[in-house]
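Trainee:
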Amino acid sequence: MANEVFANNMEVSCKAADGKSIACFPDVCFTPPQAPPTPLGVPIPYPNTGMAKDTTKGSRTVKISGKEVMLKDKSHFKTSYGDEAGNAPKKGIVTTRNKGKVYFTSWSMDVKYEGKNVVRHMDLTTHNHASQPGNTVPWPYTDRMALAKDLGQCEGEKKRVNDACDTSKKVVCPDIDKLKNALKDRNVAKKTAGDGFQTDPAYLAAHTGVQSEYSSLAKTINADPCQKALRCFLAPYKPNRCCPGQTGDHLIDSASFTDGPAFPGQPRNQHPTKAGWSKYQTDKAPVMCVEGPNQTTATHGQMHTRRGVVALHEADAKGEWPRSKATATGAKAAKKTFPDSDCSQECLEAQLNKYHDKAKDPGDEKPINARASMTSDPAQRAKAAAEMIGSESSR
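Just so you know, we're using the numbering used here here: the sequence shown kicks off at 2 and counts up by one.
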């Protein structure tokens, strides 16, 4: 059931919820037969699932729908499902258990019940425990995102997620072994080439291979109906909820709301905020999961370039523009980059406004920086400008 109790835009995990941590993989367990050459059994990876209804050792005084709430380092799901066949005597390869407990490894940093941090949907879990550590890698606990809660503009997007992300299906991130290998090859080529790596043919070929793998990752994710539907829902930058190989991209660049570093090397999330935006926080601002680590790679680069050309075109003499224009541009860039997700302009803008309306200071709204962090390639800029500026009336 939906309990409508939220922390940091995410539903609080409790025994009354219908949340699940689905298909956490791999949970490697020894499986019969136990015979040479595998006397302990055959090590087989299983997808493992935990359910909120199995919440144990939750809150004592604070209840949701009359039942206990999950708390940091205290609560857990008492059992998990999916590895029952791994029942050779040793069972789990790490924990010697199957159907073991599920523990959370992330939680709200600032919302507490009974003095302990509350756990939310989409926080990470490890599965099949006897005790810590678990037998599986961390996996998101999926319930539903809250940023679009009460937003009528997102009803179509919500329906598509409900249709595509049925809990009986395994919603998992794509394998990125090829990407990892391509990154390793590029690092080797860079070290081999030395200071002149940027013009070295071997390095350039390896770099092209990396770019190709990021593009392949985008195609794979866009081919998954659930991942494609989820793309329309924004989330805070931290904690990270994107698949490996993806990065959370602020649809309005975080530097739009800051004055840059106060000193060399200052972390981005500590940059002083721009006048009128003292409540803005980089780590809490909404992002979309995109492919690539920076503003020149794959879909991440496409998003930045599409926003950047408009920012350059619309900036005033001070290099500023209205937040409303940045919002419309960020949403439009997402639609152009991910047309198959069919995100509506209205839904994306509503989610952005839900956060940024609360980040501004009282009084007349101040303009923000017109950010233009993007590729220097003139051909890519020209193509993006034709899409974004040449069709401003189209959404």
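Think of the CB as a built atom: it goes at the ideal place given N, C-alpha and C, for glycine as much as any other residue.
For N182 and P268, I'd like the C-alpha separation in whole angstroms.
Mentor: Start at 1 with the first residue of the sequence shown, and residue 182 comes out as number 181. Start at 1 with the first residue of the sequence shown, and residue 268 comes out as number 267. Answer to the nearest angstrom: the Cα atoms are 29 angstroms apart.
Trainee: So, helix, strand or coil for K91, using DSSP?
Mentor: Translated into positions along the sequence shown, residue 91 becomes position 90. Coil at K91, not helix or strand.
Trainee: State the Cα-Cα distance for the pair T143 and T376, rounded to the nearest angstrom.
Mentor: Walking along the sequence shown from the start, residue 143 turns up at place 142. Walking along the sequence shown from the start, residue 376 turns up at place 375. Unreliable positioning characterises T143 in this predicted model, as indicated by a pLDDT of 41, which lies under 50. A coordinate reading is not provided.
Trainee: Classify V397 as helix, strand or coil using the three-state DSSP reduction.
Mentor: The question about residue 397 has no answer here: the residues shown for the chain are numbered 2 through 396.
Trainee: Excluding the five sequence neighbours on either side, which residues of its own chain have a C-beta within less than 7 angstroms of the C-beta of G320, listed in chain order?
Mentor: If you number the sequence shown from 1, residue 320 lands on position 319. Once the five neighbours on either side are set aside, the close Cβ partners of G320 are N370, A371.
Trainee: Evaluate contact between the segment 59-69 and the segment 28-43, counting only Cβ atoms and requiring at least three cross-stretch pairs below 8 angstroms.
Mentor: Touching, no, given that fewer than three Cβ pairs across the two stretches are closer than 8 angstroms.
Trainee: Looking at the structure shown, is D250 part of a helix, part of a strand, or coil, going by DSSP?
Mentor: By one-based count along the sequence shown, residue 250 stands at place 249. In this structure, D250 counts as strand in the three-state DSSP scheme.
Trainee: Going by DSSP, name the residue or residues bridged to K78.
Mentor: Position 77 of the sequence shown, counted from the first residue, corresponds to residue 78. Reading the sequence as shown, one finds Phe at residue 78 and not Lys. Per DSSP, T56, V103.
Trainee: Identify whether G391 lies in helix, strand or coil by the three-state DSSP scheme.
Mentor: Within the sequence shown, residue 391 is the residue found at index 390, counting from 1. Of the three classes helix, strand and coil, the one that applies to G391 here is coil, per DSSP.
Trainee: For K192, I'd like the list of residues in its chain whose CB is within less than 6 angstroms of its CB, leaving aside the five on either flank, ordered along the chain.
Mentor: By one-based count along the sequence shown, residue 192 stands at place 191. There are no such residues.
Trainee: Quick one: is G261 buried, meaning 16 or more other Cβ sit within 10 Å of its Cβ, or exposed?
Mentor: Within the sequence shown, numbered from 1, the residue matching residue 261 stands at position 260. So G261 ends up on the exposed side.
Trainee: With distance defined between alpha-carbon atoms, name the residue in N99, P379, N354 nearest to A86.
Mentor: Here residue 86 refers to the residue found at position 85 of the sequence shown. Of N99, P379, N354, the residue nearest in Cα terms is N99.
Trainee: Between G249 and C290, is the Cβ-Cβ spacing less than 8 angstroms?
Mentor: As a first step, residue 249 is located in the sequence shown; it is residue number 248 there, counting from the start. As a first step, residue 290 is located in the sequence shown; it is residue number 289 there, counting from the start. Cβ atoms of G249 and C290: closer than 8 angstroms.
Trainee: Whole angstroms are fine: how far does the CA of T297 sit from the CA of A386?
Mentor: Reading the sequence shown from its first residue, position 385 is the one you call residue 386. Reading the sequence shown from its first residue, position 296 is the one you call residue 297. Going from the Cα of A386 to the Cα of T297 covers about 16 angstroms.
Trainee: What is the DSSP secondary structure of L41, counted as helix, strand or coil?
Mentor: Position 40 of the sequence shown holds residue 41. Reduced to three states, the DSSP call for L41 is coil.
Trainee: Which residue comes first and which comes last in the beta strand (DSSP E) that contains C227?
Mentor: Your numbering for residue 227 matches position 226 in the sequence shown. Premise fails: C227 lies in the alpha helix (DSSP H), 226-231, not in any beta strand (DSSP E).
Trainee: Apply the 10 Å Cβ neighbour rule to K102 and answer buried if 16 or more other Cβ atoms are within range, or exposed otherwise.
Mentor: As a first step, residue 102 is located in the sequence shown; it is residue number 101 there, counting from the start. Buried, because 16 or more other Cβ atoms sit within 10 Å of the Cβ of K102.
Trainee: Here's the rule: buried if 16 or more other CB atoms are within 10 angstroms of the residue's CB, otherwise exposed. What is K73?
Mentor: Numbered from 1 along the sequence shown, position 72 holds the residue referred to as residue 73. With 16 or more Cβ atoms within 10 Å of its Cβ, K73 is classed as buried.
Trainee: I'd like to know if the segment 145-165 and the segment 187-203 are in contact, where contact means that at least 3 CB-CB pairs between them fall below 8 angstroms.
Mentor: No, the segment 145-165 does not touch the segment 187-203.
Trainee: Within the same chain, show all residues whose beta-carbon is closer than 6 angstroms to that of T328, passing over the 5 residues directly before and after it, in chain order.
Mentor: The residue you call residue 328 lines up with position 327 of the sequence shown. These residues qualify, in order along the chain: E350, L353.
Trainee: Under the assumption that K355 contacts L152 (Cβ atoms under 8 angstroms), give the Cβ distance between them as a whole number of angstroms.
Mentor: Numbered from 1 along the sequence shown, position 354 holds the residue referred to as residue 355. Numbered from 1 along the sequence shown, position 151 holds the residue referred to as residue 152. Right, their Cβ atoms sit about 7 angstroms apart.
Trainee: Quick one: residues in its chain with C-beta nearer than 7 angstroms to the C-beta of E347, no 5 flanking neighbours on either side, listed in chain order?
Mentor: For the purposes of this step, residue 347 is taken as residue 346 along the sequence shown, with counting starting at 1. Hits under 7 angstroms: Q154.
Trainee: Going by other Cβ atoms of all chains shown within 10 Å of its Cβ, with 16 needed for buried, is P368 buried or exposed?
Mentor: Taking the first residue of the sequence shown as position 1, residue 368 is located at position 367. When all chains shown are included, P368 counts as buried.
Trainee: For M289, write down the residues that DSSP places opposite it in a beta bridge.
Mentor: The count along the sequence shown starts at 1 and reaches residue 289 at position 288. Per DSSP, D250.
Trainee: Going by DSSP in three states, V63 sits in which element: helix, strand or coil?
Mentor: In the sequence shown, the residue the question calls residue 63 occupies position 62. The answer is coil: DSSP assigns V63 none of H, G, I, E or B.
Trainee: Under the three-state reduction of DSSP, which class applies to F198: helix, strand or coil?
Mentor: Indexing the sequence shown from 1 puts residue 198 at position 197. In this structure, F198 counts as helix in the three-state DSSP scheme.
Trainee: Going by beta-carbon coordinates alone, are S109 and N10 separated by less than 8 angstroms?
Mentor: On the sequence shown, position 108 is the one that residue 109 refers to. On the sequence shown, position 9 is the one that residue 10 refers to. Contact flag unset, no.
Trainee: Candidates N188, G391, G246: which alpha carbon is nearest H314's?
Mentor: Taking the sequence shown and counting its residues from 1, the one referred to as residue 314 is at position 313. Residue G391 is the option with its Cα nearest to H314.
Trainee: Which of the three DSSP states is assigned to T298 in this structure?
Mentor: Numbered from its first residue, the sequence shown carries residue 298 at position 297. T298: coil per DSSP, three-state reduction.
Trainee: Checking the sheet assignment: what are the DSSP bridge partners for L72?
Mentor: On the sequence shown, residue 72 is found 71 positions in, with the first residue counted as 1. Answer is V119.
Trainee: Could you tell me if L252 is buried or exposed, where buried requires 16 or more neighbouring beta carbons within 10 angstroms of its beta carbon?
Mentor: Counted from its first residue, the sequence shown places residue 252 at position 251. Buried, by the Cβ-count rule.
Trainee: In this structure, how does DSSP classify P323 when only helix, strand and coil are distinguished?
Mentor: Numbered from 1 along the sequence shown, position 322 holds the residue referred to as residue 323. Residue state, collapsed to three classes: coil.
Trainee: Could you check the C-alpha separation between K361 and K92 for me, to the nearest Å?
Mentor: Position 360 of the sequence shown, counted from the start, is the residue given in the question as residue 361. Position 91 of the sequence shown, counted from the start, is the residue given in the question as residue 92. If you take the alpha carbons of K361 and K92, they lie about 54 angstroms apart.
Trainee: Which first and last residues belong to the alpha helix (DSSP H) in which Y356 is found?
Mentor: For the purposes of this step, residue 356 is taken as residue 355 along the sequence shown, with counting starting at 1. 346-360 is the span of the alpha helix (DSSP H), which, as asked, contains Y356.
Trainee: Could you name the residues of the same chain whose beta carbon sits closer than 7 angstroms to that of E214, not counting the 5 residues immediately before and after it, in chain order?
Mentor: If you number the sequence shown from 1, residue 214 lands on position 213. K179, L180, A183, listed in sequence order.
Trainee: Helix or strand or just coil, what does DSSP make of F339?
Mentor: For the purposes of this step, residue 339 is taken as residue 338 along the sequence shown, with counting starting at 1. The answer is coil: DSSP assigns F339 none of H, G, I, E or B.
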